[in-house]
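Novice:
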Amino acid sequence: MLQACISSGNTQLALAQNEYFNGRVIGLQWGDEAKGKIVDLLTLRHDIVVRYQGGANAGHTVVVGDQTYKLSLLPSGVLTPGVTCVIAGGVVFNPARAIEELDELARRGIEDYDNLKLSDRVHVIFPWHFAEDRAMDAATSDGENIGTTQRGIGPCYRDKVGRSFAIRLGDMYRPTFRQRVEHITEAKNRAIAAMGSSGEFQPLQAAAIYEQYRAYAERLQPYVDDTTEYLLSAAESGKRILFEGAQGALLDVDHGTYPFVTSSNSSGVGVSSGSGVPGKYINRVIGVVKAYSTRVGGGPFPTEQDNEIGQRIRQQGNEYGTVTRRPRRCGWLDAVAVRYTSRLSGVDSISVMLLDVLSGLGELKICTAYEIDGQRTTQFPSHVDDLRKARPVYETLPGWRDDITGVRKLNDLPANARAYLDRISQIVGLPIEMASVGPARDQTIHVSDV
Ligand code: GDP
Ligand code: IMO
Ligand code: MG
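Going by my numbering, the residue at position 114 of the sequence shown is 120; the numbering climbs one at a time, nothing skipped.
#1: Are A40 and S442 close, meaning C-beta to C-beta below 8 Å?
#2: Output needed for V45: all residues of its chain with C-beta closer than 6 Å, excluding positions within five of it in sequence on either side, in chain order.
#3: Does the Cβ of P445 lie closer than 7 Å to at least one heavy atom of the ligand GDP?
#4: Beta strand (DSSP E) containing R301: first to last residue?
#5: If I follow the unbroken beta strand (DSSP E) through I356, where does it start and stop?
#6: Rounded C-beta distance between G282 and L237? I'm assuming under 8 Å.
#7: Helix, strand or coil: which one does DSSP assign to E150?
#8: Is the Cβ-Cβ distance between H135 and C162 less than 8 Å?
#9: Straight-line CA distance for A425 to S125?
#10: Helix, strand or coil: how does DSSP classify S281 here?
#11: Distance check for P398 and K371, CA to CA, integer angstroms please.
#12: Please list, in chain order, all residues of the same chain as P445 whose beta carbon is under 6 Å from its beta carbon, the five residues on each side excluded.
#13: Cβ-heavy atom distance between N289 and the ligand NAP below 7 Å?
#14: Please output, in chain order, the residues near the ligand MG using a CB cut-off of less than 5 Å to any non-hydrogen atom of the ligand.
#15: Would you please state the rounded distance, in angstroms, between the beta carbons of L79 and E107? I believe it to be under 8 Å.
#16: Got a sec? Which residues, its chain only, sit under 6 Å from Y326 by beta carbon, not counting five neighbours each side?
#17: A137: which of M201, V89 and I433 sits nearest, CA to CA?
#18: Is the beta carbon of N470 within less than 7 Å of some heavy atom of the ligand IMO?
#19: Which residues does DSSP pair with H452 in a beta bridge?
#20: Let me check understanding here. Comparing Cα to Cα, which of N422, K395 and V342 lies closest to I433?
#21: Would you grab the beta carbon distance between E150 and G304 for me? Rounded to a whole angstrom, and I think it's under 8 Å.
#22: I'd like to confirm the pairing. Which residues does DSSP put opposite I32 in its beta bridges?
#23: For D408, which option in A423, R414 and R394 has the closest C-alpha, if you only look at C-alpha atoms?
#24: Tell me, please, which residues DSSP counts as bridged to V230.
#25: Between the Cα of N63 and those of Q208, T268, G405 and P306, spot the shortest distance and give me the residue it belongs to.
#26: Using the three-state DSSP reduction, which class does L403 fall into: helix, strand or coil?
#27: For R397, which beta-bridge partners are listed by DSSP?
#28: Between G95, L364, V390 and L248, which lies nearest to F266 when the distance is taken from Cα to Cα?
#29: Taking the alpha helix (DSSP H) that E188 belongs to, which residues open and close that run?
#30: Expressed to the nearest angstrom, what Euclidean distance is found between the alpha-carbon atoms of I292 and G323?
#31: So what does DSSP say about Y58, is it helix, strand or coil?
#32: Within the same chain, show all residues whose beta-carbon is closer than 6 Å to that of H52, passing over the 5 residues directly before and after it, in chain order.
#33: Below 8 Å on the Cβ atoms is my contact criterion, and I expect L34 with V329 to pass it. Report the Cβ-Cβ distance as a whole number of Å.
#34: Rounded to whole angstroms, what's the CA-CA distance from A457 to G366? Just pull it up for me.
#35: Compute the beta-carbon to beta-carbon distance between V128 and I93, rounded to the nearest angstrom, for a pair I have assumed lies under 8 Å.
#36: With a threshold of 6 Å on Cβ separation, who are the neighbours of G60 within its own chain once the five nearest residues in sequence on each side are excluded?
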């Protein structure tokens, strides 16, 4: 049955497993869909892997053998030798974190990682951004905080758009850098103190910040490049590029559950603006979907299970934030949301992740519509107040008992697990390309590989 769905999807799954393409990997929920695993797997078919939005709010996990890597800034392609990894201009860049990740790789035997290219256009996160993130999130007082990762993401993007207080990586190699830091530190000290809710805010010291960031700039200089030019040339010359989305499409600043979103375009629409590569070069979009739903931080979540089911999913799926270790909110799969985000991101096929986590649940539910003010709809609301009112309409499917973590072929899955995948494919209207039954590379079912 699943095979039938696959061939009836709106794009042929013509690209065979080992065929190469320029692809983008987009999370279709609220982040943490296991994009890191999929990017790592697909890296084998690419020359270049690109992060193009977000920053160290991301936490992408890649498991290679008995080693687990948690990457916040470096693309998940870093674990594949010979692949060039690019941090493109749309990223907000924490240099300390990037250096930590490079050092961590070196400690674990991936020395002298010289295949990294860092855009001189990335906006740099400074200590004032962390202070502002804390103060601003605490000040969101209409009943619910955004619950940011406190990594300075929103304030840095705000300064990027505001222009007056922004520093890009390329600015750190110019003679005016010290002066800029002094000027901005002074202004930020005043602004943060005026925010009032910053607790024990110690004024920032421009001299110390300048010295610290000068050292970062020196350390990172070998990697700095004009990545827009590099990626355009690569695309034009037929290099195979994989774009690694961070967060998920429901956290997109324009099209997500605003204001409970991140500050970048985390749906498919952000790829070109963040990387500089026109959409015409991207011929394949893989949507990554957890077999259920999770969300970290505030905001409406219609299918949330704040009960024993949610706890059980959290326990089985180890659903704690990769970056902040916060317990993730857990619930049933919301197919209304996933259908919306897959259309928004131009998804060709989906990968259903963490299917094994659902093993042992007696029955499973998929949300197929919402009821809002007594009206049934399959349209995802544009306003957060309407999403708050949405009552999920569920379809119930029988679960399966067996441990599926050892399954490698679709036909070896229990019939109910196959039926669950099949129903997701039908409701979302897209073929399923992969199903994941564990964190390891080989715990993956390639659907075309029957
Ligand atoms: P990302 O931010 O989208 O890359 O996802 P995270 O790394 O934040 O969270 C996904 C978590 O699920 C990581 O701990 C992965 O190692 C783990 N994981 C990935 N695929 C599977 C799977 O199929 N089953 C299970 N049980 N865990 C998985
Ligand atoms: P990956 O790439 C899950 C959430 C935060 C908060 C909101 C805004 O690992 O999927 P921010 O710090 O970005 O201003 O926080 O977005 N958030 C994520 N949730 N996965 C992520 O990244 C996230 N990045 C940000 O929890 O609700
Ligand atoms: Mg994550």
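Glycine included, every Cβ here is placed at the ideal spot set by N, Cα and C. Here the structure is a predicted model, which is why all the values come from computation and not from measurement.
Specialist: Well, looking at it:
#1: Between A40 and S442, the CB-CB gap stays under 8 Å.
#2: Exclusion of the five residues before and after V45 leaves V31, S82 and E250 as the residues of its chain whose Cβ lies within less than 6 Å of its Cβ.
#3: Remark: the shortest separation between the CB of P445 and any heavy atom of the ligand GDP falls under 7 Å.
#4: Element bounds for R301: S299 to R301.
#5: First-last of the beta strand (DSSP E) with I356: S355 to M359.
#6: At roughly 6 Å, the Cβ-Cβ gap stays under 8 Å, so G282 and L237 are in contact.
#7: Coil at E150, not helix or strand.
#8: Taking 8 Å as the cut-off, the Cβ atoms of H135 and C162 count as close.
#9: Computed Cα separation, rounded: 45 Å.
#10: The three-state reading of DSSP puts S281 in helix, counting H, G and I together.
#11: For K371 and P398, the distance between alpha carbons rounds to 10 Å.
#12: V69, listed in sequence order.
#13: Although the ligand NAP was asked about, the structure shown includes only the ligand GDP, the ligand IMO and the ligand MG as ligands.
#14: Applying a distance threshold of 5 Å between residue Cβ atoms and the heavy atoms of the ligand MG selects D38, G65 and T328, given in chain order.
#15: Contact annotation, L79 with E107: C-beta distance approximately 6 Å; criterion of less than 8 Å satisfied.
#16: Within the same chain, Y326 has close Cβ partners P333.
#17: Considering only M201, V89 and I433, the residue with the shortest C-alpha distance to A137 is M201.
#18: As shown, the chain starts at 7 and ends at 456. That puts residue 470 outside it, with no answer to give.
#19: M440.
#20: Selected option, being the one with the closest Cα: V342.
#21: Rounded to whole angstroms, the Cβ separation of E150 and G304 is 4 Å, and the two are in contact under 8 Å.
#22: I32 is bridged to G293.
#23: Selected option, being the one with the closest Cα: A423.
#24: According to DSSP, which records beta bridges pairwise, V230 is partnered with L124.
#25: When only C-alpha atoms are compared, the closest one is T268.
#26: Assignment of L403 by DSSP, reduced to helix, strand and coil, places it in the strand class.
#27: In the DSSP output, where bridge partners are listed per residue, R397 has E377.
#28: Selected option, being the one with the closest Cα: V390.
#29: Per DSSP, E188 belongs to the alpha helix (DSSP H) from F183 to M201.
#30: Rounded to the nearest angstrom, the two C-alpha atoms are 22 Å apart.
#31: The answer is coil: DSSP assigns Y58 none of H, G, I, E or B.
#32: Within the same chain, R246 and L248 come within 6 Å of H52 by CB-CB distance, once the 5 residues on both sides are set aside.
#33: Not a contact, Cβ separation roughly 20 Å.
#34: Since the first residue of the chain shown is 7 and the last is 456, residue 457 is not available in this structure.
#35: The distance from the Cβ of V128 to that of I93 is about 6 Å, consistent with a contact at the 8 Å cut-off.
#36: Its chain contains A252, Q253 and S270 as the residues whose beta carbon lies nearer than 6 Å to that of G60, once the 5 sequence neighbours on both sides are disregarded; these appear in chain order.
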